[in-house]
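> Have a look at this one.
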């Protein structure tokens, strides 16, 4: 893409987004970083090298505004904070896809999860559904299907750490028995 291309990073304050932005800057991209609370951008050393915008993926007004003038969208948002996370993910994906299409965004890059054959967890079903919504937008969409993102401070790392400290031996549900690369 290059330095004349503007990239919107949703989930800029998340584990992946906060580590991806420096790489994008190094490659010469103009980065617009979406934060639900823009004041929190100051926690990151790169905050003064990006355009910080208010962005709540469930608020069409902030999504439309953040999408203006963007060439590519990095969709790094996934909710698991409530019982209705799948519905929130579905709604957010539709809002974002519609806004991206209206703004003329040429590419969406979505960070999903590995989707094994067989029964899926609610989490992976939601990831796959978001992928399908973004792909159906008509915008060129690339999905990166990642396994567990492990690194100090990542949600997955903290969950694994807490489980191993509290329950060194643990039974797992049958749907977790799947073959993945």
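Residue numbers (the numbering used here): 840 to 1020.
Backbone N, C-alpha and C fix where the C-beta goes; we use that ideal spot for every residue, glycine too.
Everything numeric in this text was worked out from a predicted model, so none of it was measured.
Can you tell me whether DSSP reads residue 890 as helix, strand or coil?
Along the chain shown, one-based indexing puts residue 890 at 51. In the structure shown, residue 890 sits in a strand (DSSP, three-state: E or B).
> Mind pulling the alpha helix (DSSP H) runs of 4 or more residues that sit fully within the stretch 906–938?
Segments of the alpha helix (DSSP H) lying fully in the stretch 906–938: there are none.
> To the nearest whole angstrom, what separates the beta carbons of residue 968 and residue 929, a pair I think is in contact under 8 Å?
Within the chain shown, residue 968 is the residue found at index 129, counting from 1. Within the chain shown, residue 929 is the residue found at index 90, counting from 1. Indeed, because the Cβ distance is near 6 Å, the residues count as touching under 8 Å.
> Could you please give the first and the last residue of the uninterrupted alpha helix (DSSP H) stretch that includes residue 794?
Because the chain here runs from 840 to 1020, residue 794 falls outside it and cannot be looked at.
> Work out the CA separation of residue 962 and residue 1002 for me, nearest whole Å.
Start at 1 with the first residue of the chain shown, and residue 1002 comes out as number 163. Start at 1 with the first residue of the chain shown, and residue 962 comes out as number 123. Using only the alpha carbons, I get a separation of about 18 Å.
> Could you spell out the range, first to last residue, of the alpha helix (DSSP H) harbouring residue 851?
Counting from 1 along the chain shown, the entry for residue 851 is found at position 12. Taken as a continuous stretch (DSSP letters only), residue 851 belongs to no alpha helix (DSSP H), as it is neither H nor E.
> Kindly indicate the opening and closing residues of the beta strand (DSSP E) around residue 874.
For the purposes of this step, residue 874 is taken as residue 35 along the chain shown, with counting starting at 1. From DSSP, the beta strand (DSSP E) with residue 874 extends over 869–874.
> Judging by CA-CA distance, which residue of 964, 917, 954, 945 is the nearest neighbour of residue 854?
Here residue 854 refers to the residue found at position 15 when the chain shown is read from its first residue. Comparing Cα positions, the closest option is 917.
> Three or more C-beta pairs under 8 Å: does that hold for the stretch 953–960 against the stretch 898–905?
The stretch 953–960 is not in contact with the stretch 898–905.
> Using a 10 Å radius around the Cβ and a threshold of 16 neighbouring Cβ atoms, would you call residue 965 buried or exposed?
The residue given as residue 965 occupies position 126 in the chain shown. The residue in question, residue 965, is buried, as its Cβ has 16 or more Cβ neighbours within 10 Å.
> When you compare only the Cα positions, how much space is there between residue 885 and residue 1013?
In the chain shown, the residue the question calls residue 885 occupies position 46. In the chain shown, the residue the question calls residue 1013 occupies position 174. Approximately 43 Å between the Cα atoms of the pair.
> Figure out for me which residue from 953, 952, 973 has the closest Cα to the Cα of residue 946.
Residue mapping note: residue 946 aligns to position 107 of the chain shown, counting from 1. When each option's Cα is compared against that of residue 946, the closest is 973.
> Quick check: residue 951 and residue 980, are their CB atoms within less than 8 Å of each other?
Walking along the chain shown from the start, residue 951 turns up at place 112. Walking along the chain shown from the start, residue 980 turns up at place 141. Result no, Cβ atoms of residue 951 and residue 980 do not sit closer than 8 Å.
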